[in-house]
Amino acid sequence: MKSKTILITGGSSGIGKKTGQYLASLGHRVIGTTRKVVLESEQLFCEGAMSLVTMDVSSDLSIKQALKLIYAHCENIDVLINNAGYGIAGALEDTTVKETIDMFVVNLFGVMEVSNQVLPHFRKQGYGQIINIGSVAGYVSLPFQGLYSSSKAALLSYSKTLRNELRPHHVSVTVIEPGDIKTNFTANRVYTTNTTEKSPYFIRAKRSIGVMEKDEINGSNPIVIAKEINKQVNKKHPSIAVTVGFKYKVFKLLFTLLPTRLSEYAVFLIYGK
Ligand SMILES: NC(=O)c1ccc[n+]([C@@H]2O[C@H](COP(=O)([O-])OP(=O)(O)OC[C@H]3O[C@@H](n4cnc5c(N)ncnc54)[C@H](OP(=O)(O)O)[C@@H]3O)[C@@H](O)[C@H]2O)c1
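Quick note on my numbering: the sequence shown kicks off at 491 and runs consecutively.
Here you go:
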């Protein structure tokens, strides 16, 4: 196996941390990112462990500074994994435009900005790989997680377009779609400010998010995502989109086969009532 240089956003926790540690243990050079301040002297950039650099994907300047530091230590980046993201919960009517923008800035625009800053290097070196962390919520529009679902649906659409635009440049784009994974995602989920007892949706929203949180807490270990990402890193022709886990693959198939009216009603019964 050829050792690769892999940059993963959101390397401080959950899926990103586990994936970074796993890929580093296989001999890859892995650089993870965090918004926390990491002193340059604390960065190792060595094999066998994941290094961390400071990067806020919502700041062009922060991305630029992090990439400058990485290129000062590593001659190239082979793989970019856009993983940083968070969830927002609440009824659509209880969500402000500002809250929506804040979340899209991380879950979609951050992916675009990091990719746009790495792509000139990929095109120059004549190859590269982008792996974006989507979600099952990208094709199952979840009640009371509507804007999070929208961000992941947009990410899927963006990634498919990017893949075709980059085809002649030998840069592949893959979306990994996790289901419920046990990480800090649950604790880091943000409730919209209007999700209060005054909201006509409050009881349903609380119940629905309660179901999701229970599923996440009982979800899979993030190693299952790390292993799938490693598969894609080693593939000659990486996949377009991969849903991880048998249960979620069946969901996806049902969503493709069943009439939309029926699949959406099933979603209502599970999450919307
Ligand atoms: N857990 C699940 O059930 C699940 C299911 C489907 C998809 N996903 C997706 O998987 C990805 C990783 O989530 P996770 O479950 O591992 O959650 P997590 O444990 O909360 O980790 C989130 C990571 O994103 C980083 N992050 C958040 N905002 C950032 C920003 N503005 N700039 C840079 N980094 C930022 C955090 O780093 P710092 O706080 O250190 O900056 C952290 O490392 C997300 O895209 C999420 O949507 C998760």
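Heads up, the beta-carbon is just placed ideally off N, CA and C, and yes, glycines get one too. Computed from a predicted model, the values in this text were never measured in an experiment.
Annotation for PRO712 indicates a beta carbon within 8 Å of some heavy atom of ligand 1. Taken from the Cβ of VAL527, every heavy atom of ligand 1 lies 8 Å or farther away. Taking every protein chain shown into account, the CB of HIS660 has fewer than 16 other CB atoms within 10 angstroms, so this residue is exposed. For the set SER531, SER631 and GLY517, the Cα lying nearest the Cα of GLY538 is the one of GLY517.
With a contact defined as Cβ atoms closer than 8 Å, ILE671 and VAL732 miss out at about 14 Å. According to DSSP, residue pairing for LEU516 in a beta bridge does not occur. Under DSSP, GLN619 takes part in a beta bridge, and its partners are VAL569 and SER662. Apart from the 5 residues on each side of it in sequence, ARG525 sits with its Cβ closer than 6 Å to the Cβ of ASP546 in its chain, given in chain order. Taking a 10 Å sphere around the C-beta of THR676, we find 16 or more other C-beta atoms and assign the residue as buried.
Per DSSP, reduced to three states, the secondary structure at SER710 is strand.
Nearest C-alpha to GLN533 among LEU551, ALA556 and SER649: ALA556. The way I'd put it, the stretch 642 to 661 does touch the stretch 617 to 633; three or more beta-carbon pairs between them come closer than 8 Å. Fully contained in the stretch 594 to 657 are the following alpha helix (DSSP H) runs of length 4 or more, in chain order: 600 to 615 and 636 to 656. In its chain, beyond the 5 residues on either side, PHE535 have a beta carbon closer than 6 Å to the beta carbon of HIS563. In the structure shown, the three-state DSSP call for TYR681 is strand. Excluding residues up to 5 positions away in sequence, MET545, VAL547, GLU603, VAL604 and GLN607 lie with their Cβ nearer than 7 Å to the Cβ of ILE553 in the same chain. Rounded to the nearest whole angstrom, the CA to CA distance from THR586 to ARG697 is 21 Å. Spanning the alpha carbons of ILE623 and ALA643 requires a straight line of approximately 11 Å. Within the same chain, Cβ atoms closer than 6 Å to the Cβ of THR664 are found at ILE621, GLN722, PRO728 and SER729, the five residues on either side in sequence being excluded. Judged by DSSP secondary structure, ALA562 falls within the alpha helix (DSSP H) whose first and last residues are 550 to 563. In this structure, the alpha-carbon of VAL569 lies about 6 Å from that of THR495. Distances from the CB of ILE505 to the heavy atoms of ligand 1 include at least one below 8 Å. GLU718 is classed as buried because its beta carbon has at least 16 other beta carbons within 10 Å across all chains shown.
Here ASN573 is near GLY506, since their CB atoms are less than 9 Å apart.
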